[in-house]
Ligand code: DC
């Protein structure tokens, strides 16, 4: 039973499906809090990389996880700022290296346990649109709305490449594609909380849809499920 008086919208799906873009827009339109959980894993990944700890170094990660002090600041413009031990790392966590680090460290049980409470607490105190990999399956299994947002790997990699290139990164499409496929593989096959579609989620394939169309479809699903 869901005793949470707030509405939770869970959006899961593979890398680069556009979850953040859509979740941010839907949250702004509905006046809900947008929570990008990938950014939290990225922040942990960034910390481990600063400490020189590799993504598979279980002992090292366990040793350091208690030193990770993360604060999430939601600014009025909808941007979710990530503050790691007092430093704003929002822009520093968006590199391909940190994407892979985040995917690696997110397979460690101590990291997932550490972040679970933080995510549940946010959903316990706000109406949220939360995006990630295990929101509908593990973090918020009672979410009123669950959507699995996906697109072909080629299209997702193309979007991510465009995004990085527009930010001035000099990166080859082939490398972005390889990273996307590798990350999906890791995220779907890890032992705990792997990426998968919740049994009660609606699948939305946005390969050939515009952002406007996906936002409209998401809002229609939310209306249907919550009456709001
Ligand atoms: O959504 P993203 O690309 O920013 O996520 C980065 C990595 O974090 C992703 O490859 C896997 C991990 N992650 C996770 O394991 N669970 C989540 N709920 C969100 C992200």
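In the working numbering, the protein residues as written are 721 to 948.
Yeah, the Cβ is synthetic: ideal placement off N, Cα and C, and Gly gets one too.
Every value quoted in this text rests on a predicted model; they were computed, and no experiment measured them.
Beta-carbon gap between residue 818 and residue 769 smaller than 9 Å: Cβ distance < 9 Å, so residue 818 and residue 769 count as in contact.
Residue 872 Cβ short of 8 Å to the ligand DC heavy atom set: Because no heavy atom of the ligand DC lies under 8 Å away, the Cβ of residue 872 does not count as near it: no.
Three-pair Cβ contact test at 8 Å for the stretch 727–742 versus the stretch 787–796: Touching, no.
Coarse secondary structure for residue 941, derived from DSSP in three states: Helix at residue 941.
C-alpha distance - residue 923 paired with residue 944, whole-angstrom precision: Near 15 Å, if we compare the C-alpha coordinates of residue 944 and residue 923.
Cβ-Cβ separation, residue 781 to residue 825 (assumed contact under 8 Å), whole Å: Rounded, the Cβ-Cβ distance is 6 Å, consistent with contact.
Test item: CB-CB of residue 934 and residue 869 under 9 Å: Cβ distance < 9 Å, so residue 934 and residue 869 count as in contact.
Close Cβ partners of residue 941 (< 7 Å) along its chain, the five nearest in sequence each way excluded: Taking residue 941 as the centre and dropping the five residues before and after it, the same chain places the C-beta of 865, 867, 922 closer than 7 Å to its C-beta, in chain order.
According to DSSP, residues forming a beta bridge with residue 850: Answer is 730, 755, bridged to residue 850.
DSSP beta-bridge partners of residue 869: Note: residue 869 sits in a beta bridge opposite 924.
Closest residue to residue 750 among 847, 908, 856 (Cα-Cα distance): Out of 847, 908, 856, 847 has the C-alpha closest to the C-alpha of residue 750.
DSSP three-state assignment for residue 915, whether helix, strand or coil: Here residue 915 sits in coil by DSSP.
Which residues DSSP lists as bridging residue 803, in chain order: The partner list for residue 803 (beta bridge, DSSP) reads 791, 808.
Residues near residue 908 in its chain [Cβ-Cβ closer than 6 Å; skip 5 each side]: For residue 908, same chain residues with a beta-carbon under 6 Å away, outside a window of 5 residues either side, are 914, 915 in chain order.
Residue nearest to residue 832 in terms of C-alpha spacing, selected from 771, 773, 760, 816: Answer by Cα proximity: 760.
Residue 837 Cβ short of 8 Å to the ligand DC heavy atom set: Not so, every heavy atom of the ligand DC lies at least 8 Å from the Cβ.
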